[in-house]
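Worksheet: the structure to be examined is printed underneath.
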Amino acid sequence: MESSHIHEDVPGGVPLKMWTRGVPVEDEARRQLRNAARLPVVFRHIAAMPDVHFGIGATVGLVIPTVKAIIPAAVGVDIGCGMIACKTTLRAEDLPDDLGPLRSAIERAVPHGRRPGSRDPGAWQKPPGAVNTAWARLEPEFRELCRDYPKLEKTHHIQHLGTLGTGNHFIEVCLDEAGFVWFMLHSGSRGVGNFIGTMFIELARQDAIRHQANLPDRDLAYFEEGGRHFGDYVRAVGWAQRFAAINRELMMKGVIEAAKTVIRKGFQSHVEAVNCHHNYVSRERHFGEDVYVTRKGAVSAKAGQLGIIPGSMGARSYIVRGKGNAESFESCSHGAGRVMSRGEARRRFTLADHRSATEGVECRKDKDVIDETPAAYKDIDAVMAAQCDLVDVVHTLKQVVCVKG
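The sequence shown runs 14 to 418 under this note's numbering.
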């Protein structure tokens, strides 16, 4: 298979392979990637996806395989964050001319953003029956984790299950290339995952003070198999990843039920469905070795495996099928990737810019979402072209409704 990646040798580390031809990569992200490549536990090389950009703790768009070790900051605090999408039997002509009521129905059905007068992102005041049923599947292992880490009990675990969150999390109604309607959303493990990630990142830093004196970056502190916290982290991160997947499933059901109250034509959902993480760690076999693969802002793209690569609020998104490229550790990008910080976007773009960029999309067009405006992200077409040897495009989606967290 012909490869389109850029190979860079890193002094004192493993090589860096980047699928970034035709897309910008800021110097700070390159510095982070080179630091990661110098870790003694990294296997063979690290891979950077075309949406790569500077991230807190570790680079976003990073695929890092490690031997008998895991780097909590590379997984991050939005553990299990990812996408779910489902195709329906509805067609474009079945949608109402005025999409405002559809957006409002979705916003009522799925808690999102921040409650007025509260610092807490949208949560259930009283979780509905479906959430309680889903929580019953997660609770036994959660209770086991709480025995070792009692502060977990104070998180908004069940209140956040089935809720969207804030920032770049979103719910969309999209049309594919044939005119079929899709529902798609982006979210993760919410407050409880954030707590788990933050807690173990700090524990790894504390361990590193004693055992990892030559770290190129203190954020890259790692747990080793057999160490004090390794097993606990594997259990906790695995649980948070399950929470995230179930969270997306619950929201998708809520979105579909909300849509049925507005769209009078009966329809079937889940004609095609994909639910994939893009911030997670899993044990996999690559190049004849069993390793832990951490994908921070990357999607598994094994041969034949379906994945989701969303664009920004005004750009196309893609349902893709993996090619199983070994050099990328069978991975692809998780989206377009930011080209500037949120602060820079707020300084650079006006409300008029944002409204123009999202013309034709029923979405928020106020100053509080300017940091999510399409121009703050890389060109999704360039991102897709840079990873043509990682995935094939199955469906091209264009949003008509977008609910932001």
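Don't be surprised by glycine CBs; every beta carbon is placed ideally from N, CA and C.
Where Thr-386 falls, given that 16 or more other Cβ within 10 Å makes a residue buried: buried
Residue environment, Arg-329, which counts as buried when at least 16 other CB atoms sit within 10 Å: Around the beta carbon of Arg-329, a 10 Å sphere encloses 16 or more other beta carbons of the protein chains shown; the residue is thus reported as buried.
For Tyr-390, the first and last residue of its enclosing beta strand (DSSP E): Taken as a continuous stretch (DSSP letters only), Tyr-390 belongs to no beta strand (DSSP E), as it is neither H nor E.
Contained alpha helix (DSSP H) runs [length at least 4] in the region 27-102, N- to C-terminal order: 40-50 and 85-88
Cβ pair Ile-97, Asn-288 closer than 8 Å: Yes, these two residues count as a Cβ contact at 8 Å.
Bounding residues of the beta strand (DSSP E) (the contiguous stretch that carries Val-413): 404-417
His-58 and Leu-103 closer than 8 Å at C-beta: no
Per DSSP, the bridge partner or partners of Trp-195: Lys-100 and Cys-187
Rounded C-alpha distance that separates Ile-332 from Gly-279: 25 Å
Alpha-carbon to alpha-carbon, Pro-109 and Arg-308: Straight through space, the alpha carbons of Pro-109 and Arg-308 are spaced by roughly 39 Å.
Segment contact flag, the region 379-393 with the region 354-366, C-beta cutoff 8 Å, min 3 pairs: With a cut-off of 8 Å, the region 354-366 and the region 379-393 count as touching, because enough Cβ pairs lie within range.
Sequence-distant residues of its chain with Cβ nearer than 6 Å to Gly-130 (five each side left out): Confidence at Gly-130 is low in this model, with a pLDDT of 49, below 50, so its placement is unreliable and the value that follows should be read with caution. For Gly-130, where only same-chain residues beyond five positions count, there are no Cβ hits under 6 Å.
Supposed contact pair Ala-311 and Ser-344 - C-beta distance, whole angstroms, cut 8 Å: 5 Å
Close beta carbons around Ala-399, own chain, < 7 Å, minus the five adjacent residues each side: Ser-17, Trp-32, Thr-33, Arg-34, Gly-35, Val-36 and Pro-63
The region 191-205 contacting the region 158-173, beta-carbon criterion three pairs below 8 Å: yes
Cα-Cα separation, Met-326 to Ala-258: 23 Å
Backbone CA spacing between Leu-46 and Gly-113 [nearest angstrom]: Roughly 43 Å separates the two Cα atoms.
Beta-carbon proximity list for Lys-266, same chain, < 8 Å, skipping 5 on both sides: Answer for Lys-266: Ala-143, listed in chain order.
Simplified DSSP state of Arg-298, which is helix, strand or coil: strand
Residue nearest to Ile-83 in terms of C-alpha spacing, selected from Ala-60, His-66, Leu-52 and Asp-111: Leu-52
Tyr-293 - DSSP class collapsed to helix/strand/coil: strand
Through-space distance from Arg-223 to His-291, alpha-carbon basis: 31 Å
Burial state of Ala-50 (16 or more Cβ within 10 Å): buried
CB of His-299 within 8 Å of CB of Pro-78, strictly: yes
CB contact flag (Ala-389, Ala-358, <8 Å): yes
Which listed residue (Ile-214, Ile-119 and Gly-210) has its alpha carbon closest to that of Leu-177: Ile-119
For Val-333, three-class secondary structure by DSSP: strand
Collapsed DSSP secondary structure at Asp-381 in the structure displayed: helix
Cβ neighbours of Ala-87 in the same chain (closer than 6 Å, five flanking residues each side left out): Ala-71, Ile-77, Thr-307 and Lys-309
Cβ separation of Val-73 and Val-65, assumed to be a contact under 8 Å, to the nearest whole Å: 7 Å
Neighbourhood of Ile-214 by C-beta, 6 Å cutoff - its chain only, sequence neighbours within 5 removed: Around Ile-214: Pro-85 and Ala-86.
Buried or exposed (CB count within 10 angstroms, at least 16 for buried), Lys-336: buried
Coil, strand or helix - Asp-303 by DSSP: strand
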